[in-house]
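*Asks:* Mapped onto our numbering, the consecutive letters of the sequence shown carry residue numbers 10 to 144. For glycine and all other residues, C-beta sits at the position ideal for the given N, C-alpha and C. Computed from a predicted model, the values in this text were never measured in an experiment.
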Amino acid sequence: MEAAGLEWLLGPMQQLVSWGAAGAMVFGGVVPYVPQYRDIRRTQNAEGFSTYVCLVLLVANILRILFWFGRRFESPLLWQSIIMIITMLLMLKLCTEVRVSNDLNIKRRSFSAADSKDEEIKAPPKRSYLVSRWC
10 MEAAGLEWLL
20 GPMQQLVSWG
30 AAGAMVFGGV
40 VPYVPQYRDI
50 RRTQNAEGFS
60 TYVCLVLLVA
70 NILRILFWFG
80 RRFESPLLWQ
90 SIIMIITMLL
100 MLKLCTEVRV
110 SNDLNIKRRS
120 FSAADSKDEE
130 IKAPPKRSYL
140 VSRWC
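(1) Enumerated in chain order, which unbroken segments of the alpha helix (DSSP H) with a length of 4 residues or greater are wholly contained in the segment 59 to 88?
(2) By alpha-carbon positions, which one of E16, L101 and N111 ends up nearest to S59?
(3) In whole angstroms, what is the alpha-carbon distance linking M10 and E16?
(4) Could you give the distance in angstroms between the alpha-carbon of R51 and the alpha-carbon of L66?
(5) How is the alpha helix (DSSP H) around Q45 delimited, first residue to last?
(6) For W88, tell me which candidate among V68, L99, S110 and I74 has the shortest Cα-Cα distance.
(7) So for L56, helix, strand or coil by DSSP?
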């Protein structure tokens with residue numbers, strides 16, 4: 010008789026745990042990028058952030074969404090992919106803005122230093138990703 014009395018509590022509890030697990034799965038991949046986004050925005054420095062990681066995650070999540078059209082899987086995984094794509098696009102937007110702003114500041118400083126001839130500020134050398142550093 011006690012087991013039948015607890016069924017009214019177990020059903021909603023199982024549903025709540027299921028929703029909580031799905032929510033953790035959907036938003037769990039985004040959580041590490043929140044402090045990184047805030048740090049890049051605060052310091053205006055995107056040096057430690059790899060845009061190649063964003064590229065790989067964008068490709069992987071786009072492929073997962075395309076796979077979903079062929080063979081349906083659980084919807085939390087689909088939502089996770091959509092949210093990760095949005096997150097990666099926001100991170101790329103922020104990094105691009107910060108890097109362009111920093112490059113413009115370096116060019117302005119080097120231009121003004123060349124005009125005043127007081128001090129020479131050089132822009133960092135352009136790195137070519139086609140040439141290996143170890144050669």
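*Replies:* Looking at the atomic coordinates:
(1) 60 to 79
(2) L101
(3) Since pLDDT at M10 reaches only 47, below the 50 mark, its modelled position is unreliable, and the value read off the structure follows with that caveat. The straight-line gap from Cα to Cα measures roughly 10 Å.
(4) 24 Å
(5) Y42 to T52
(6) I74
(7) In the sequence as presented, Leu is not what sits at residue 56; that position holds Glu. In the structure shown, E56 sits in coil (DSSP, three-state: anything other than H, G, I, E or B).
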